[in-house]
Amino acid sequence: MSVTDINKKKLVVEGKGSVNSSTPLKVYLKKCLGSDIYSNMVWVKSEYELDSLSSVDVNKGIVSNVRMNDMTNMNEFLGNLNQTLKIGDYTAVILESKNIRKKRLLKRYPGIVTYPYYLGDFILSWLFPSFIIKKKINTAYKGRKYKIVSLTEGMARLVCAGFQIQEFKHIRKLTCIIAQKSGYPKFDLVKSSNSFIIKVPRIGQDGKILNLYKVRTMYPYAEYLQEYMFDRFGTEDGDKIENDFRITSWGYYLRKYWIDELPMIWNQLKGDLKLVGVRPISKQKYDTYPEYLQKKRIQTKPGLIPPFYADLPQTADEFFETENRYLESYFKNPFRTDFRYFCKAFYNIIFKGQRSR
Numbered sequence: 041m042s043v044t045d046i047n048k049k050k051l052v053v054e055g056k057g058s059v060n061s062s063t064p065l066k067v068y069l070k071k072c073l074g075s076d077i078y079s080n081m082v083w084v085k086s087e088y089e090l091d092s093l094s095s096v097d098v099n100k101g102i103v104s105n106v107r108m109n110d111m112t113n114m115n116e117f118l119g120n121l122n123q124t125l126k127i128g129d130y131t132a133v134i135l136e137s138k139n140i141r142k143k144r145l146l147k148r149y150p151g152i153v154t155y156p157y158y159l160g161d162f163i164l165s166w167l168f169p170s171f172i173i174k175k176k177i178n179t180a181y182k183g184r185k186y187k188i189v190s191l192t193e194g195m196a197r198l199v200c201a202g203f204q205i206q207e208f209k210h211i212r213k214l215t216c217i218i219a220q221k222s223g224y225p226k227f228d229l230v231k232s233s234n235s236f237i238i239k240v241p242r243i244g245q246d247g248k249i250l251n252l253y254k255v256r257t258m259y260p261y262a263e264y265l266q267e268y269m270f271d272r273f274g275t276e277d278g279d280k281i282e283n284d285f286r287i288t289s290w291g292y293y294l295r296k297y298w299i300d301e302l303p304m305i306w307n308q309l310k311g312d313l314k315l316v317g318v319r320p321i322s323k324q325k326y327d328t329y330p331e332y333l334q335k336k337r338i339q340t341k342p343g344l345i346p347p348f349y350a351d352l353p354q355t356a357d358e359f360f361e362t363e364n365r366y367l368e369s370y371f372k373n374p375f376r377t378d379f380r381y382f383c384k385a386f387y388n389i390i391f392k393g394q395r396s397r
């Protein structure tokens, strides 16, 4: 029998991967949800308890007392959770996030042991996510199929399963995420989430959806948090999301030097993109653009080198004006416009050190 340390005291694990409800967790849930909702929520101590529940048994929601790290199949559990709840019901899940786990290991073992372990974990998790050796290592490490789960992945899997994120908080050595059922599971992006090279849907010419190839720089399932990130943090300059915690530490490096966009050369060769043009964007981001700019954007192919690097806008309004100015010029003289913008972007990148973010 294993134990989990919460609130500086030992609590016996009840069922596979579950932990006794701690006082800090109870206080947090009651504060966020209110006494009426909190007191009527059902607590489950095993991922298999949902099988015996129905919407009739659940009044306000369900608290999962099982760490996502220890679930046999996270998507299946969250899908069943969604099916058991009614629209508007709440759920709370817990996990040991990737960062908390790292701190725990560094506290327990010297860096000379922990960092090589993390390097190996990086290679297996990001380059070979389904590699059988990784599964055996995780099983040997915990005696069960322990999974490394980032906060981003935990939140995104909930969104993927039809929930809307309400709050999250690190409580001692765990992270609690509160979500509300807003719809039904949608697993359309899952296949692209765990590979080193991913396909991302982007708006192309005439509104056609293009599948662009990129090196993954975000945590798994991060695509599902796009709308949440826009609503909560907004953008720095009309393009990049502020405080985007979905990006991995090494992902920032790949983005800075455009390494993540190298696979898109294949899309250019296929004719999906041109060399210079407006940045290919997701449907969620497209919906945040002014209507006049939406209509202009889809009249031409997006490009590998956006006008952003030529004009270097600093605000959202300047960013939209940059794209509008480029498109107006392009419609009048396509070749001369693209050549001029390419030269300006090349100069800013090479001589002014402009980098992607």
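Mapped onto the numbering used here, the consecutive letters of the sequence shown carry residue numbers 41 to 397. The beta-carbon is built from N, C-alpha and C at its ideal position, and this holds for glycine as well.
#### Entry: Heavy atom of the ligand ADP within 8 Å of serine 86 beta-carbon
What this structure holds is no ligand at all, so the ligand ADP is not there to describe.
### Message
Taking the beta carbon of serine 104 as the centre, do at least 16 other beta carbons fall within 10 Å, making it buried, or is it exposed?
### Response
When all chains shown are included, serine 104 counts as buried.
### Message
So, for tyrosine 381: in the same chain, excluding its five sequence neighbours on each side, which residues have a beta-carbon less than 6 Å away from its beta-carbon?
### Response
For tyrosine 381, where only same-chain residues beyond five positions count, the Cβ hits under 6 Å are Val316, Pro347, Ala350.
### Query
What does a CB cutoff of less than 6 Å around glycine 119 pick up in its chain, not counting 5 residues either side in sequence?
Closer than 6 Å at the Cβ level, and outside the excluded window around glycine 119, lie Ala201, Pro225.
### Query
Taking DSSP as the reference, what is the three-state secondary structure of threonine 71?
Contrary to the premise, residue 71 reads as lysine rather than threonine in this sequence. Here DSSP, grouped into helix, strand and coil, assigns lysine 71 to helix.
### Query
DSSP on proline 260, reduced to helix/strand/coil?
Correct three-state label for proline 260: coil.
### Task
Report the three-state DSSP secondary structure of phenylalanine 386 (helix, strand or coil).
Three-state result, phenylalanine 386: helix.
### Query
Which of helix, strand or coil does DSSP assign to tyrosine 157?
Looking at tyrosine 157 - three-state DSSP - the assignment turns out to be helix.
### Task
My understanding is that glycine 223 touches valine 133, with C-beta atoms under 8 Å, so please give their C-beta distance in whole angstroms.
Approximately 17 Å separates the beta-carbon atoms of glycine 223 and valine 133; this is outside 8 Å, ruling out the contact.
### Message
Checking 9 Å against the spacing of the C-beta atoms, do isoleucine 218 and leucine 73 come in under that value?
### Response
In contact: isoleucine 218 and leucine 73 (Cβ atoms closer than 9 Å).
### Query
For isoleucine 243, which residues of its own chain have a beta-carbon under 8 Å away from its beta-carbon, when the five flanking residues on both sides are left out?
A distance below 8 Å between beta-carbons, with the five flanking residues on each side excluded, links isoleucine 243 to the following residues of its chain, in chain order: Ile249, Leu250, Pro320, Ile321, Ser322, Lys323, Tyr326, Arg337, Ile338, Pro342.
### Query
Looking only at its own chain, which residues have a Cβ that is under 6 Å from the Cβ of lysine 48, when we skip the five neighbours before and after it?
In this prediction, lysine 48 scores a pLDDT of 30, lower than 50, which makes its location untrustworthy; the coordinate-derived value is nonetheless stated afterwards. None.
### Message
Please state the DSSP three-state secondary structure of serine 396.
### Response
In the structure shown, serine 396 adopts coil according to DSSP, grouped into three states.
### Message
Do isoleucine 281 and arginine 256 have their beta-carbon atoms positioned less than 9 Å apart in this structure?
### Response
For the pair arginine 256 and isoleucine 281, the CB atoms are not nearer than the 9 Å cut-off.
### Task
Please specify which runs of the beta strand (DSSP E), each continuous and at least 3 residues long, are wholly inside the region 293-369, giving them in chain order.
The qualifying runs are 314-316, 343-345.
### Task
Provide the residue(s) that pair with tryptophan 290 in DSSP beta bridges, ordered along the chain.
Residue pairing by DSSP leaves tryptophan 290 without any beta bridge partner.
### Cut-off 8 Å between Cβ atoms - residues of its own chain near isoleucine 305, not counting five sequence neighbours on either side
Residues Leu344 of the same chain have their beta carbon placed closer than 8 Å to that of isoleucine 305, with the five preceding and five following residues left out of the count.
### Query
Taking all protein chains shown into account, do 16 or more other C-beta atoms lie within 10 angstroms of the C-beta of aspartate 97, making it buried, or fewer, making it exposed?
Classification of aspartate 97: exposed, given that the 10 Å Cβ count is below 16.
### Message
Does the structure place the region 205-221 close enough to the region 131-146 that three or more beta carbon pairs sit under 8 Å?
### Response
Touching, yes.
### Query
Quick one, which of Val84, Met269, Gln354, Val106 has its alpha-carbon nearest glutamine 204's?
Considering only alpha carbons, the answer is Met269.
### Message
My assumption, with CB atoms under 8 Å, is that leucine 333 sits in contact with phenylalanine 375. Please give the rounded CB distance.
### Response
Going by Cβ atoms, the distance from leucine 333 to phenylalanine 375 rounds to 23 Å, so no, they are not a contact pair.
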